[in-house]
Amino acid sequence: MIQQKSHLSNMDVWKQWKESGLIEAKQSLIETYLPLVEYVSNRLSIGLPKNVSKDDLAGFGVLGLIDAIEKFDYLRGLQFETYASWRIRGAIIDGLRQGDWVPRSVREKSKKIEEAYQQLEQQYSRSVTDAEISAYLQVSENEFRQMVQEISITTVCSVDDPIREEDSETRLSLLIDEKAKNPEHTVNEFYLKDTLAKAIERLTEKERTVVSLFYFEELSLTEIAEVMSLSPSRISQLHSKAISRLRAALGRYQEQLFNH
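According to full-length UniProt numbering, the sequence shown is numbered sequentially starting from 1.
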C-alpha cells in the first residue's frame, strides 16, 4: 500500500520532525503516507451516495493524516499506518457528517434496527431472522429489506464518536498501547474480543463471508458480488445487517462494561 523507507531512515525523519520541528521532515512524512488517504477514502466511498465527491473524501482525509502526524508518538513503538488510518477515517466521516450527508430519517432507521438486533439477540441468545426483526419493528419483510438497503450508507463508524452520547471519551481513546501493562485494559480487551468473536459466530454464513471478504480480504462490494454470484445491492444488504448485528453486540458489551 505504501512503499516504505528503511526503518532507520523513517525513524530519522520522525526524529527531525518531532524533536527539531523541521517542516521539511513533516512534509516528507505527509508525502510518504499520502497513499493511505487514497486507500481509506476509496474504501469509504463504497456505498456512499453518488453526490459525495472522492476529492472531498481525500481532502478530509489529508486533514486527518496531518493531524495523525502531529499527534503520533513515534517513540512508543506503535504502527503509524494503523493509527493514521483511524485518524484519516475519522476525519473523513466527521467531514461528511458536518455536511449532513445522511438524512435524519435514515439515521433513525439505523438506530431502530440496531436496537432490534440488540434486544432480540440478547433475548434469544442466537442470530435472529429477518422475519423476527420485521415483527419487532412492526413492518413487513419487504419493508425491512428496504430499510436495510437505505441504511447501507451509515455502516461506517468514526472512532471520534463518543462512546456514550453524554460522554466526551471516544473510541479512539480506548486504543491500547500494547506495551503498557494495565490489567483493567487487558481484561476489557479480552472480553471485547470475545464479544466480537461470539457476535461474528452468530452472523449467517453469507454475512460472515461478506465481512471476511470486505474487511480481511479487502475486496470491494462489487467484487464480493461477483465472488458470491449475488447482486451488489444484495451484498450491500448483507453487509448492513452484519454491521447492525455487530454494533448491537458492542452496545451490549458497553452496557455491561459501564454497569459494572
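Note that the Cβ used here is the ideal one computed from N, Cα and C, for glycine as well.
Same chain, Cβ closer than 6 Å to lysine 62, neighbours up to 5 away in sequence not counted: The sequence position of residue 62 within the sequence shown is 62, counting from 1. Per the sequence shown, residue 62 should be read as valine rather than lysine. Answer for valine 62: Val37, listed in chain order.
Whole-angstrom distance between phenylalanine 72 and threonine 129, CA atom to CA atom: Position 129 of the sequence shown, counting from 1, holds the residue named residue 129. Position 72 of the sequence shown, counting from 1, holds the residue named residue 72. Taking the straight line from one Cα to the other gives about 44 Å.
Cβ contact (3+ pairs, closer than 8 Å) linking the segment 108 to 125 and the segment 241 to 252: Yes, they touch.
Arginine 126 - DSSP class collapsed to helix/strand/coil: Within the sequence shown, numbered from 1, the residue matching residue 126 stands at position 126. Shown here, arginine 126 sits in coil according to DSSP, grouped into three states, outside any helix or strand.
Spatial distance of serine 125 from leucine 137 (CA atoms): One-based indexing of the sequence shown puts residue 125 at position 125. One-based indexing of the sequence shown puts residue 137 at position 137. The alpha-carbon atoms of serine 125 and leucine 137 are separated by roughly 19 Å.
Cutoff 7 Å; reference serine 140; Cβ partners in own chain excluding five residues on either side: As a working mapping, residue 140 is identified with position 140 in the sequence shown. So the qualifying residues of the chain are Ser134.
7 Å CB neighbourhood of glutamate 150 in its chain, flanking five on each side removed: Here residue 150 refers to the residue found at position 150 of the sequence shown. Here glutamate 150 has Val106 and Lys109 as same chain residues with Cβ atoms under 7 Å from its own Cβ, once five neighbours each way along the sequence are excluded.
Aspartate 12 (DSSP reduced to helix, strand or coil): For the purposes of this step, residue 12 is taken as residue 12 along the sequence shown, with counting starting at 1. Aspartate 12 sits in a helix when the DSSP states are folded into three classes.
Of the residues Arg234, Met11, Glu226 and Arg89, the one placed nearest glycine 77, counting alpha carbons only: Counted from its first residue, the sequence shown places residue 77 at position 77. Of the candidates Arg234, Met11, Glu226 and Arg89, the one whose C-alpha sits nearest the C-alpha of glycine 77 is Met11.
Rounded separation between arginine 164 and lysine 206 - CA only: Residue 164 sits at position 164 when you count from the first residue of the sequence shown. Residue 206 sits at position 206 when you count from the first residue of the sequence shown. Annotation note: pLDDT 44 at arginine 164 (below 50); position unreliable, no value reported.
Neighbourhood of leucine 44 by C-beta distance below 8 Å, restricted to the same chain and skipping five residues each side: For this step, residue 44 is matched to residue 44 along the sequence shown. Shown here for leucine 44: same chain residues with a beta carbon closer than 8 Å to its own, the five before and five after excluded, namely Leu57, Arg89, Ile92, Ile93 and Val156 in chain order.
Which listed residue (Trp17, Gln122, Lys111 and Met228) has its alpha carbon closest to that of methionine 147: Within the sequence shown, residue 147 is the residue found at index 147, counting from 1. Restricting attention to Trp17, Gln122, Lys111 and Met228, the CA atom closest to the CA of methionine 147 is found in Lys111.
Contacts around threonine 222, its chain only, beta-carbon distance under 6 Å, and the 5 residues preceding and following it disregarded: Against the sequence shown, residue 222 aligns to sequence position 222. Around threonine 222, the same chain offers Pro232 as residues with beta carbons nearer than 6 Å, after the five sequence neighbours per side are excluded.
Sequence-distant residues of its chain with Cβ nearer than 6 Å to lysine 181 (five each side left out): The residue you call residue 181 lines up with position 181 of the sequence shown. Reliability fails at lysine 181, whose pLDDT of 46 lies under 50, so the model's placement of it is uncertain and the value that follows must be treated cautiously. Apart from sequence neighbours up to five positions away, no residue of its chain approaches lysine 181 with a beta-carbon distance below 6 Å.
Of the residues Trp14, Arg104, Ser41 and Arg234, the one placed nearest glutamine 79, counting alpha carbons only: Taking the first residue of the sequence shown as 1, we reach residue 79 at position 79. Minimum Cα distance to glutamine 79 is reached at Trp14.
Pair within 8 Å by beta-carbon distance, isoleucine 200 and valine 210: Translated into positions along the sequence shown, residue 200 becomes position 200. Translated into positions along the sequence shown, residue 210 becomes position 210. No.
Ordered list of alpha helix (DSSP H) runs contained in the segment 51 to 113, each at least 4 residues: Counting whole runs of 4 or more residues, the segment 51 to 113 contains the alpha helix (DSSP H) stretches 54 to 71 and 80 to 98.
CB contact flag (isoleucine 30, leucine 75, <8 Å): Here residue 30 corresponds to residue number 30 of the sequence shown, with the count starting at 1. Here residue 75 corresponds to residue number 75 of the sequence shown, with the count starting at 1. Against a cut-off of 8 Å, the Cβ pair of leucine 75 and isoleucine 30 comes out as no contact.
Beta-carbon proximity list for serine 41, same chain, < 7 Å, skipping 5 on both sides: As a working note, residue 41 is residue 41 in the sequence shown. The residues are Lys54, Leu57, Ala58, Gly61 and Ile92.
Residue environment, alanine 131, which counts as buried when at least 16 other CB atoms sit within 10 Å: Counting from one through the sequence shown, the residue named residue 131 turns up at place 131. A residue is called buried when at least 16 other Cβ atoms come within 10 angstroms of its Cβ; alanine 131 does not meet this threshold and is exposed.
Buried versus exposed, by CB contacts within 10 Å (16 or more), glutamine 122: In the sequence shown, counting from the first residue as 1, residue 122 sits at position 122. Within a 10 Å sphere around the beta-carbon of glutamine 122 sit fewer than 16 other beta-carbons, which makes this residue exposed.
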